[in-house]
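Student: 1 is the number of the first residue of the sequence shown in full-length UniProt numbering; add one for each residue after it. We treat Cβ as the ideally placed atom computed from N, Cα and C, and that holds for glycine. A quick note: this is a predicted structure, and the numbers were derived from the prediction, not measured.
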Amino acid sequence: KPKVISDDLMEKRYCLNFTLIMEFILLGFSDLPNLQGFLFGVFLVIYMIILIGNGLIIVITKVDPALQTPMYFFLGNFSFVEICYTSVTLPRMLMNLSTQNRHISLVACAVQLCFFLILVVTECLLLTVMAYDRYVAICKPLYYQVIMNHKVCVQLVIGSWVTGIPVVIGQTYQIFSLPFCGSNKLNHVFCDMPPVVKLACGDAFVNQLSAYADAILFALIPFLLILGSYVKIILTILKLSSAPGRHKLFSTCSSHFIVVILFFGSGLIVYFRPKSNHSEGLDKVLSLFYTIVTPMFNPMIYTLRNKDVIEALRKLTLKCKKNHERKH
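1. Assuming the contact rule is C-beta atoms closer than 8 Å, Leu249 and Ile138 should be a hit. Round their C-beta distance to whole Å, please.
2. Grouping DSSP H, G and I as helix and E and B as strand, with all else coil, what is Phe190?
3. Check Phe29 in the structure and name its three-state DSSP category.
4. Could you check how far apart the C-beta atoms of Tyr271 and Ala215 are, in whole angstroms? I think they sit under 8 Å.
5. Shortest alpha-carbon distance to Leu313 belongs to which of Ile60, Thr99, Ser210 and His150?
6. Evaluate contact between the region 120-133 and the region 218-229, counting only Cβ atoms and requiring at least three cross-stretch pairs below 8 Å.
7. Might you give, ordered along the chain, the residues of its own chain that have their beta carbon closer than 7 Å to the beta carbon of Ile258, omitting 5 neighbours on each side?
8. Quick one, are the C-beta atoms of Phe223 and Leu268 less than 8 Å apart?
9. Quick test of your reading: Leu26 and Leu186, contact by CB under 8 Å. State the CB separation rounded to the nearest angstrom.
10. Less than 8 Å between the CB atoms is what I'm expecting for Cys253 and Ile233, so what's the real figure, rounded?
11. Rounded to the nearest angstrom, what separates Gln68 and Gly281 at their Cα positions?
12. Could you give the C-beta distance for Thr89 and Phe180, rounded to a whole number, given that I count them as a contact under 8 Å?
13. Tell me Ser105's beta-bridge partners as DSSP assigns them.
14. Pull up the DSSP beta-bridge partners for Lys185, would you.
15. Once you ignore the five residues that flank Leu44 on each side, which residues in its own chain have a CB closer than 7 Å to its CB?
16. Figure out for me which residue from Gln155, Met22 and Lys151 has the closest Cα to the Cα of Ile104.
17. CB Phe78 to CB Leu126, shorter than 8 Å?
18. Measure the beta-carbon distance from Arg102 to Ser30 and round it to whole angstroms, keeping in mind my assumption that it falls under 8 Å.
19. Could you tell me whether the Cβ atoms of Val197 and Ile226 are closer together than 8 Å?
20. Are the beta-carbon atoms belonging to Leu106 and Phe40 less than 8 Å from one another?
21. Which word fits Val145, buried or exposed, when buried means at least 16 other C-beta atoms lie within 10 angstroms of its C-beta?
22. Looking only at its own chain, which residues have a Cβ that is under 8 Å from the Cβ of Val4, when we skip the five neighbours before and after it?
23. Just to confirm the assignment, what range does the alpha helix (DSSP H) spanning Ala66 have?
24. Out of Gly228, Pro299 and Phe115, which one is the CA nearest neighbour of Pro166?
25. Measure the alpha-carbon distance for residue 332 versus Pro70 and round it to whole angstroms.
26. Going along the chain, which unbroken runs of the alpha helix (DSSP H) with 4 or more residues stay wholly within the region 205-255?
27. For Tyr173, count neighbouring Cβ atoms within 10 angstroms of its own Cβ and tell me buried if that reaches 16, exposed if not.
28. My understanding is that Ser160 touches Val129, with C-beta atoms under 8 Å, so please give their C-beta distance in whole angstroms.
This is the structure we're talking about:
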């Protein structure tokens, strides 16, 4: 009989905790109280760089006639995804740093996680599409215009956006259907899947298994497809007799491959490396790397290593300068 009473009390406490936890506390950088202002300034500058850099790429790929090709069509869409991607996490981080109010409701956390995962999947698939575009252009140049026509390009971009939506919505619903009890402190800078699942009560094995399955489907498989494409691309380039031709093709593809390594490398480490009790700090650093650092460097990588983009930027600057001189 005493054992039955003990079980009842435990159940009541469990239910009480479940009803009390209606929000999380994003710990973020709370362990660095003296650096809050400095971090706010750093992340604000990074956010401005991301918006301006990727915004410029979107503009020049739309207005410059020389960049009206499938490769730059995908690049413009990729830059748009980057802006959306960082806008899901960075503004909230900036608000937390400036106000020191780290509370986030379960609904807001679920919405942030859902949009974040949708954009992650979109970025993974779009990077795969960009690799396929380079594969067709280099390995099958005679069929490039037929295969990569405008209709196909639009369909590939739309497919990259919508493919993961039903899976991600189902995944998010499944995670937040779990009860959350005990600690409500989320030791992360935003609502990401591993730290949220870690706070769930009950059996989270199905959710963890589902998370691994989604990571394999939308991250690992695309990454392997990209690697396979680039193996074929490199073998094709090495067969060319012209040294300048080889250099030009390597330069064109290397920008995309650098972005792939930066993004997939950090993301796959977060989701597939063995978890330990002391991994939260490293998880935060790696998540910042693929959510903030990579989008910041993408415009630089594509512009500094691409003469067409540099020329387009130069023409746009001259045009803006002439328009300004005419007004004055």
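Tutor: Taking the definition as stated:
1. Start at 1 with the first residue of the sequence shown, and residue 249 comes out as number 249. Start at 1 with the first residue of the sequence shown, and residue 138 comes out as number 138. Rounded, the Cβ-Cβ distance is 6 Å, consistent with contact.
2. Locating residue 190 in the sequence shown gives position 190, where the first residue counts as 1. Coil at Phe190, not helix or strand.
3. What you label residue 29 is simply residue 29 of the sequence shown in a count that begins at 1. Residue state, collapsed to three classes: coil.
4. Start at 1 with the first residue of the sequence shown, and residue 271 comes out as number 271. Start at 1 with the first residue of the sequence shown, and residue 215 comes out as number 215. The pair is a contact, with the Cβ atoms about 4 Å apart (cut-off 8 Å).
5. Residue mapping note: residue 313 aligns to position 313 of the sequence shown, counting from 1. For the residues Ile60, Thr99, Ser210 and His150, the minimum Cα distance to Leu313 belongs to Ile60.
6. yes
7. For the purposes of this step, residue 258 is taken as residue 258 along the sequence shown, with counting starting at 1. Around Ile258: Ile301.
8. Within the sequence shown, the letter at position 223 stands for residue 223. Within the sequence shown, the letter at position 268 stands for residue 268. Yes, they are a contact pair.
9. The residue labelled residue 26 in the question sits at position 26 within the sequence shown. The residue labelled residue 186 in the question sits at position 186 within the sequence shown. That belief holds up - the Cβ atoms of Leu26 and Leu186 are roughly 5 Å apart, short of 8 Å.
10. What you label residue 253 is simply residue 253 of the sequence shown in a count that begins at 1. What you label residue 233 is simply residue 233 of the sequence shown in a count that begins at 1. So it is a contact: roughly 6 Å between Cβ atoms.
11. If you number the sequence shown from 1, residue 68 lands on position 68. If you number the sequence shown from 1, residue 281 lands on position 281. Roughly 43 Å between the two C-alpha positions.
12. Walking along the sequence shown from the start, residue 89 turns up at place 89. Walking along the sequence shown from the start, residue 180 turns up at place 180. Contact doesn't hold; Cβ gap of about 21 Å is too wide.
13. Against the sequence shown, residue 105 aligns to sequence position 105. In DSSP, Ser105 forms a bridge with Glu23.
14. Within the sequence shown, the letter at position 185 stands for residue 185. Its beta-bridge partners are Ile25.
15. Within the sequence shown, residue 44 is the residue found at index 44, counting from 1. Excluding positions up to five away in sequence, the list reads Leu94.
16. On the sequence shown, position 104 is the one that residue 104 refers to. When each option's Cα is compared against that of Ile104, the closest is Met22.
17. Looking up residue 78 in the sequence shown gives position 78. Looking up residue 126 in the sequence shown gives position 126. In this structure, Leu126 lies closer than 8 Å to Phe78 by Cβ.
18. Numbered from 1 along the sequence shown, position 102 holds the residue referred to as residue 102. Numbered from 1 along the sequence shown, position 30 holds the residue referred to as residue 30. The pair is a contact, with the Cβ atoms about 7 Å apart (cut-off 8 Å).
19. Sequence index remark: in the sequence shown, residue 197 carries index 197 (1-based). Sequence index remark: in the sequence shown, residue 226 carries index 226 (1-based). Not closer than 8 Å, so no.
20. Indexing the sequence shown from 1 puts residue 106 at position 106. Indexing the sequence shown from 1 puts residue 40 at position 40. Cβ distance not < 8 Å, so Leu106 and Phe40 don't count as in contact.
21. By 1-based counting over the sequence shown, the position of residue 145 is 145. The question names Val, but residue 145 in the sequence shown is Gln. Gln145 should be labelled exposed.
22. Here residue 4 refers to the residue found at position 4 when the sequence shown is read from its first residue. Reliability fails at Val4, whose pLDDT of 43 lies under 50, so the model's placement of it is uncertain and the value that follows must be treated cautiously. Here the set comprises nothing.
23. Taking the sequence shown and counting its residues from 1, one reaches residue 66 at position 66. Where Ala66 is concerned, there is no enclosing alpha helix (DSSP H), given that its DSSP letter is neither H nor E.
24. Against the sequence shown, residue 166 aligns to sequence position 166. Closest by alpha carbon: Phe115.
25. Beyond the ends of the chain as shown, which are 1 and 328, falls residue 332; an answer cannot be given.
26. 205-215 and 221-238
27. The residue labelled residue 173 in the question sits at position 173 within the sequence shown. By the neighbour-count rule (16 or more Cβ atoms within 10 Å), Tyr173 is not buried but exposed.
28. Translated into positions along the sequence shown, residue 160 becomes position 160. Translated into positions along the sequence shown, residue 129 becomes position 129. Going by Cβ atoms, the distance from Ser160 to Val129 rounds to 6 Å, so yes, they are a contact pair.
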